[in-house]
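Colleague: Have a look at this one.
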Amino acid sequence: MTTVRIPGKLYLAGEYAVTHPGQPAVIIAVDRFLELTVSEATTSNGSFYSEGYTDTPLLIGRKNDRPELPSSFELIQQTLQLIERYIRELGKVIRPYDLDLRTDLELHGQKIGLGSSGAVTVALVQGLLKWSDLPTSPLLVYKLAALAHLALGSHGSLGDLAACSFTGCIWYRSPNRQAIRNLYENNSSLLATIRAPWPELSIERLPFPANSHLLVGWTKQPAATEQLIRQPKPLTDQQLSQFLATSRGCVDQLVQGLKEQDNSAMADAFTNNRALLQLFAKQRQMIIETPMLKTLCDCAEKFGAAGKTSGAGGGDCGIALVHDKTTINAIKQCWQQAGITPLNLAIYTRKDDSSCQNKPTEKTNMSP
């Protein structure tokens, strides 16, 4: 039996812009987890169970020796097919398996914006590689998970997959997704696609100052990322160019602050990114900072902290960057009075992973 625990994620800066190739973001892994247990199959083809989504284990079907599940589990099916192909290309035999997914990335049965679909994909990749006694690395897991999402036409940045795979606080530069699709479609070998450098992709572990504190508040209003990033109102070329450049500046400012433990630079990066996202939403005629998220940010600023939305916005979570820990309780109380639930979260770094600790970004483009 093999069990893996995959953390949730939160964006600190770079949202929306990071969906464009070569654009950076700062993302953290947090200590709420999705757990996958892989065990010897009790039926010929194995089964899949997901707490809260299947009443009983679903039997995994087989067609042309490829795993099949009901259409509502399309991402699970795609991921299983991809991993099994990878295992076969390595010349390994796939042992039938039962899958059992349990999640702590929800609260009272509701998603809270910690990236459940990305965590599921990473869990399946990591879990089945370990089940098959194959070596893993954060980059290998990320690339396999990313290909599963790209095969289904994902428009996201894939940054959640990077955060769940590498853990800790990371600087992430979005790859050229179309170039990766072309590489995958034009290459008969999955191994070759995985081992090739991916254009624009870079991932670097960042330090997080011990005297800085992140507070996370949940508005109880779930957001749908795919719908938000595909709103119909486009930016003009000039608006888009300015947005991407300014977002990059916010991320650079935050990275500098993190590396130099410069609290003022970190707070300014949060404030500037919040203002940029407000302008972006106005230009796109969409809602990122809901009234509840605005209140969350305003509460933070009222007590000298910096607040902003996290991720797609439109609901879910907001974050506050606090340097004076004596104000933490006051901010939480302000949130609670507005109906916002403080979440007890901390940055999570996997203890057994030193493979990406503060190494140059080029290292992550090497073969897994």
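The sequence shown maps to residues 84 to 451 in this note's numbering. Every residue, glycine too, gets a C-beta built ideally from N, C-alpha and C. This structure is a prediction, so every number in the text was calculated from the model and none was measured.
1) Mind the definition here: the region 388-401 touches the region 347-363 only if three or more C-beta pairs lie below 8 angstroms; say whether that holds.
2) How should tyrosine 255 be labelled, buried or exposed, when 16 other C-beta atoms within 10 angstroms of its C-beta is the threshold for buried?
3) Measuring alpha carbon to alpha carbon, tell me which residue in Ser240, Ala413, Leu223 and Gly242 is nearest isoleucine 277.
4) Under the rule that 16 or more other beta-carbon atoms within 10 Å means buried, what is aspartate 243, buried or exposed?
5) So, is glycine 236 buried or exposed, given that buried needs 16 or more other C-beta atoms within 10 angstroms?
6) Short of 8 angstroms in beta carbon distance, which residues of its chain neighbour glycine 105, apart from the five on each side in sequence? Order them along the chain.
7) Tell me whether the region 412-424 and the region 367-386 touch, counting them as touching only if at least three CB pairs, one residue from each stretch, are closer than 8 angstroms.
8) Under 8 angstroms, do lysine 303 and leucine 197 count as touching if we go by C-beta distance?
9) Report yes or no: do the region 211-225 and the region 264-271 share at least 3 C-beta pairs separated by less than 8 angstroms?
10) According to the Cβ coordinates, are histidine 296 and lysine 377 closer than 8 angstroms?
11) Across the region 246-254 and the region 105-120, are there enough close Cβ pairs to call them in contact, namely three or more that are closer than 8 angstroms?
12) Give the secondary structure of tryptophan 281 by DSSP, where H, G and I count as helix, E and B as strand, and everything else as coil.
13) Thinking C-beta only, is isoleucine 89 closer than 8 angstroms to alanine 202?
14) Indicate, with yes or no, if the ligand NAP has a heavy atom lying under 7 angstroms from the CB of serine 324.
15) Please classify alanine 206 as buried or exposed, where buried requires at least 16 other C-beta atoms within 10 Å of its C-beta.
16) May I ask you to report which of helix, strand or coil DSSP gives proline 221?
17) Does the region 123-134 touch the region 180-190, meaning 3 or more C-beta pairs lie closer than 8 angstroms?
18) On the three-state DSSP scale, how would you describe tyrosine 132?
19) What do you get for proline 150, buried or exposed, if any count of 16 or more other CB atoms within 10 angstroms of its CB means buried?
20) Taking the C-alpha atoms as reference points, what is the distance between asparagine 147 and threonine 85?
21) Is it buried or exposed for glutamate 372, if we count other Cβ within 10 angstroms and need 16 for buried?
22) Could you tell me whether the Cβ atoms of glycine 332 and cysteine 400 are closer together than 8 angstroms?
23) Can you tell me which residues form a DSSP beta bridge with tryptophan 301?
24) Express the C-alpha separation of glutamine 322 and alanine 328 in angstroms, rounding to a whole number.
25) In three-state terms, what does DSSP make of glutamine 106?
26) Rounded C-beta distance between leucine 359 and phenylalanine 291? I'm assuming under 8 angstroms.
27) Per DSSP, what kind of secondary structure is glycine 390 in: helix, strand or coil?
28) What are the start and end residues of each continuous alpha helix (DSSP H) run of 4 or more residues lying completely inside the region 157-233, in chain order?
29) Cα-Cα, which of His406, Leu318, Phe326 and Pro221 is closest to glutamine 344?
30) Could you check the C-alpha separation between arginine 188 and glutamine 160 for me, to the nearest Å?
31) So the beta strand (DSSP E) tyrosine 94 belongs to, where does it begin and stop?
32) Can you tell me which of the three DSSP states arginine 433 falls into?
33) Could you tell me if leucine 298 is buried or exposed, where buried requires 16 or more neighbouring beta carbons within 10 angstroms of its beta carbon?
34) Anyone know if the C-beta pair for leucine 404 and methionine 349 falls short of 8 angstroms?
35) Can you give me the C-alpha to C-alpha distance between valine 87 and glutamate 118, rounded to a whole angstrom?
36) How far does the alpha helix (DSSP H) with glutamate 343 in it reach, from first residue to last?
Modeller: Well, looking at it:
1) yes
2) buried
3) Leu223
4) buried
5) exposed
6) Arg256, Ser257, Asn259 and Glu283
7) yes
8) no
9) no
10) no
11) yes
12) coil
13) yes
14) With respect to the ligand NAP, the structure offers nothing, as it holds no ligand at all.
15) buried
16) helix
17) yes
18) strand
19) buried
20) 27 angstroms
21) buried
22) no
23) Cys400 and Thr424
24) 10 angstroms
25) coil
26) The pair is not a contact, with the Cβ atoms about 22 angstroms apart (cut-off 8 angstroms).
27) strand
28) 157-172 and 199-214
29) His406
30) Looking at the sequence provided, one finds leucine at residue 188 rather than arginine. Answer to the nearest angstrom: the Cα atoms are 21 angstroms apart.
31) 85-96
32) coil
33) buried
34) yes
35) 6 angstroms
36) 320-343
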